[in-house]
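See structure below.
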Amino acid sequence: MTSGDPRGAARPETHAEVGAGAAVSSSGLTKRFRGGQVAVDGVDLAVPSGSVYGFLGPNGSGKTTTIRILLGLISPTSGSCELLGGAIPDRAASVLPRVGALVEGPAFHPYLSGRANLRRLDAADRAAHPATCDARIGQALDRVGLAAAAGKKYRAYSLGMRQRLAIAAALLQPRELLILDEPTNGLDPQGTREVRALISNLAASGVTVMLSTHLLSEVEQICSHVGVMHLGKLVAQQPLAELRAATAARVSIETDAPDKASATLRRLGFTEVAPTSGGVTAEAGELPPEKVLSELVYDGVPVRGFAVATPDLEDVFVSLTGEGFDVSG
Amino acid sequence: MSAADATAGVVTGAASAPWRRLSTRFLRSELGLVFGRRRNQVALAILAAVPVIIAVAVWWSAPPSGRGPNLIGAVSGNGVYVALAALGAELGLFLPLAVAAVASDAIAGEANQGTLRYLLTVPVGRARLLAVKYAGVLAYALAATLLVAAVGVAVGVAFFGGGEMILLSGSQIGFLPALGRVALICGYITACLAAVGALGLFVSTLTEQPVGAAIAVVVFTISNQILGTIPQLEPIHPYLMTHWWYGFGDLLRAPIATSSVGPGLLSAGIYTAVFLAAAWARLGSRDITS
Ligand SMILES: Nc1ncnc2c1ncn2[C@@H]1O[C@H](COP(=O)(O)OP(=O)(O)O)[C@@H](O)[C@H]1O
Ligand SMILES: [Mg+2]
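These protein sequence lines are chains A and B, in that order. In terms of the numbering used here, the first sequence opens at residue 1 and continues consecutively. In terms of the numbering used here, the second sequence opens at residue 330 and continues consecutively.
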């Protein structure tokens, strides 16, 4: 990340205020597969209602397995979890109709059209009203931009179209919670933008979204909260803003008059002002960098060099996971 | 994606659609899937071809001599017997194979495609899923049996006429009562195939490979028949799944006998119950990792 990046400017602030209670919570969730592999290891999730929760982790870190447990598809070796206040799997029948889910990529009947596939899922849903079926399917297809291809057989769909159909299936009913496992996988850049915009819109209307991804940029762009998975463990979980605070930009000034420069920086409200070998550094405040420079010059500080460095969120995650963002075994 | 996205509201539990206990939508969807599938349609077409082949073959070789199985010999006298000859000929392999293919696909096919996880998160309860899947299998078994019988009667009557039918007990009945006997036999055969379907459903919960499951069911069925031909194993014969299948001759007597059909229905019922219970126990506790 280079200097002067206006981070946070385009970030939606609406879902920063989070409603009471957790839409998803778990305690000590653990899954040991036959064969001994511990895919999920003592995970304590807390996804606040109204948040867009980025469930971030490299491939193989246990995101999908966690999501399968949350949806009652596999039973945890130990630990417990709740969706929308109802324990899973005991209360799954009453909770899951209010949850839209995408798990480990799309899966549909290949010889049925996209629309027929949605009709089948709707038919299976006892909470769905048959009279509104066609209207709801039409709406869901519209929202994911698949209306034109709705009549094609699923097997003729591209990966991006399949992904869109899976998202449409999650939107067949109004939901309180969406659990989306890598929803932008296989989408082209345009499709990725559309899906992210759709998620932001849904979140703005009050839907809680738990979004698993291995893409840091995705979390940065649309999430209000983040949980980081690494080797089956949840190594961090906090509002993105807090994490971002740890990555505040720093200015560094090369000068022969570090004392003078420090005084100016303090006057401008900079914190953590510290001397370096050839000058001073400080944590950047609200002031845009070019303003800082003119203030320094105005105060008669002889500036030889000026730089703004923003530590990458990626650096933060590397420090959390202790290693690079690679596939974990 | 439309601009209407922002209108997506949050619906509270109380405001959502009423709980519909008695909806047949999922069952109808399942029937559409089973009967709409090309493979299953081809299987039905093949099953339906057998009575036609039998009728043509018998008609070709007329006048009938005394050789061959009883039923084939009787065909040339009365068209309805074509249906019975076809059912008898297909009960050994074709009908169980067709039912096994559909039943094995029930859970394993959905698991293989990944659609199982999406059905379960709709949510469809696992017991309900099994019930609907088994209903689909039963419907297919019944349809296959009735189709063979109907085609058999139709070609039989066309080739050989639809006069009086001579029962195994020697007496004669008219054409309509004869159709009634055929319907009873179809019911009995469907009950036997229901056990095959239940076995298929169970095996289908064990694997994600529908073809493997179908093969397992057919192997089980055929080895039952083979064991049934080994005289040394006579003490266990009554307990074999296939032992009573050909007992439907009981239904061609006047009055109707129950010496084979009775234990046959009991056997089919027990096999069905045991396999369904096993399927439920297995699917109920299975991790869906597909
Ligand atoms: N059915 C399974 N049996 C054994 N191990 C599994 C199974 N499913 C996943 N795993 C293992 O669990 C770990 C986590 O996998 P997964 O949850 O799919 O990760 P992610 O979704 O974060 O990429 C991986 O190491 C994977 O190999
Ligand atoms: Mg995954």
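Quick reminder that beta carbons are idealized off the backbone N, C-alpha and C, glycines included. Computed from a prediction, not measured in an experiment: that's the story for all the values here.
Looking at the DSSP output, A:Leu121 shares a beta bridge with no other residue. Contact annotation: B:Trp574 and B:Cys521 have beta-carbon atoms nearer than 9 Å. At a cut-off of 9 Å, the C-beta of B:Arg357 has a neighbouring C-beta in chain A. Rounded to the nearest whole angstrom, the CA to CA distance from A:Asp259 to A:Gly279 is 9 Å. A:Gln37 and A:Ser94 have their C-alpha atoms some 32 Å from each other. Taking 8 Å as the upper bound for CB-CB distance, B:Ile599 and B:Thr534 are not in contact here, some 19 Å apart. With the criterion set as a beta carbon lying under 9 Å from some beta carbon of chain A, the stretch 410-438 of chain B has no members that meet it. Using a CB distance below 7 Å, the part of the stretch 439-465 of chain B facing chain A consists of Gln442, Gly443, Thr444, Arg446, Tyr447, Leu448, Leu449, Thr450, Val451, Pro452, Val453, Gly454, ordered along the chain. Taking a C-beta cut-off of 8 Å against chain A, none of the residues of the stretch 525-550 of chain B qualify.
Within the stretch 64-90 of chain A, the residues whose Cβ lies closer than 9 Å to some Cβ of chain B are Thr65, Arg68, Leu71, Gly72, Leu73, Ile74, Ser75, Leu84, listed in chain order. The three-state secondary structure of A:Phe270, taken from DSSP, is coil. Distance between A:Glu283 and B:Asn441, taken at the CA atoms: about 54 Å. Distance from the CA atom of B:Leu422 to the CA atom of A:Thr192, rounded to whole angstroms, is 52 Å. Beta bridge pairing from DSSP links A:Tyr53 with A:Met210, A:His225. Shown in chain order are the residues whose CB sits closer than 6 Å to a heavy atom of ligand 1: A:Phe33, A:Gly35, A:Gln37, A:Ala39, A:Gly57, A:Asn59, A:Gly60, A:Ser61, A:Gly62, A:Lys63, A:Thr64, A:Thr65, A:Gly329, B:Thr618.
With its beta carbon less than 9 Å from one in chain B, A:Ala124 belongs to the interface. Annotation: B:Phe355 to A:Val99 spans about 19 Å, alpha carbon to alpha carbon. Sixteen is the threshold: since fewer than 16 other Cβ atoms of the shown chains lie within 10 Å of the Cβ of A:Leu320, the residue is exposed. Counting the other Cβ atoms within 10 Å of the Cβ of A:Asp90 gives fewer than 16, which makes it exposed. Counting every other CB atom within 10 Å of its CB across the protein chains shown gives A:Ala274 a total below 16, marking it as exposed. Distances from the CB of A:Asp181 to the heavy atoms of ligand 2 include at least one below 8 Å. Closest in C-alpha terms to A:Gly60, from the list A:Arg34, A:Glu104, A:Ile222, A:Val52, comes A:Glu104.
Counting only Cβ-Cβ distances below 7 Å, B:Arg611 has no contacts in chain A at all, with the closest Cβ about 14 Å away. Setting aside the 5 residues that flank it on each side, A:Leu293 is surrounded in the same chain by Val303, Phe306, each with a C-beta closer than 8 Å to its C-beta; the list follows chain order. By the CB criterion at 9 Å, A:Ala39 and A:Gly232 fall inside the cutoff. Per DSSP, B:Val409 is one residue of the alpha helix (DSSP H) stretching across 409-420. The C-beta separation of B:Leu373 from B:Leu476 comes to about 6 Å, placing the pair in contact by the 8 Å criterion.
Closer than 9 Å to the CB of B:Ile555 there is not a single CB belonging to chain A.
If you draw a 10 Å sphere on the C-beta of B:Ser614, you find fewer than 16 other C-beta atoms in it, and that means exposed.
Taking 8 Å as the cut-off, one finds at least one heavy atom of ligand 2 near enough to the beta carbon of A:Glu104. Checking the DSSP bridge columns, you'll see A:Leu102 partnered with A:Leu180.
With a threshold of 9 Å between beta carbons, B:Arg582 makes no contact with chain A. Annotation: the continuous alpha helix (DSSP H) that includes A:Thr66 extends over 63-70.
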